[in-house]
Amino acid sequence: MSFDNSDTDLSAVLDSDLQDFIQVQQQKAQLQSSAHKLTDMCWDRCIGERPGARLDAKTEVCLTNCVERFLDASIFLVQRLQKNLSSHG
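What follows is the structure in structure tokens.
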């Protein structure tokens, strides 16, 4: 009796699961990297080198607007890339 076929099937399933896991981990890392970039960019723009003891209303609005513009731009770019890929594919 040979188990070669079932071993191959199991290996293919494991390879697929591993690829899915790696892809999810890469997406998580990319999201975390984007969050760090966003934090750095908005911090530098709105707070600067010397943060106060607490956030004032102006700084809070600046941070909110900075994050929203960054997200808007990111969404726009993703949609634009998807549109370009679908029109060329």
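So for the sequence shown, the UniProt record's numbering puts the first residue at 1; every next one is plus one. Just so you know, even glycine gets a beta-carbon here, dropped at the ideal spot from N, CA and C. Quick caveat: nothing in here was measured; it's all calculated off a predicted structure.
Reduced DSSP category for residue i - H, G, I as helix; E, B as strand; rest coil
i     : result
Ala57 : helix
Ala73 : helix
Asp17 : helix
Arg45 : helix
Arg50 : coil
Minimum C-alpha distance to residue i - residue among the options
i     : options             : result
Leu63 : Gly52, Gln82, Cys42 : Cys42
Residues of its chain near residue i, where Cβ-Cβ distance is below 8 Å and the 5 sequence neighbours each way are ignored
i    : result
Ser2 : Any reading at Ser2 is ruled out, since the residue's pLDDT is 49, under 50, leaving its predicted position unreliable.
Does the contact criterion of 3 or more C-beta pairs under 8 Å hold for the region 29–49 versus the region 66–79?
yes
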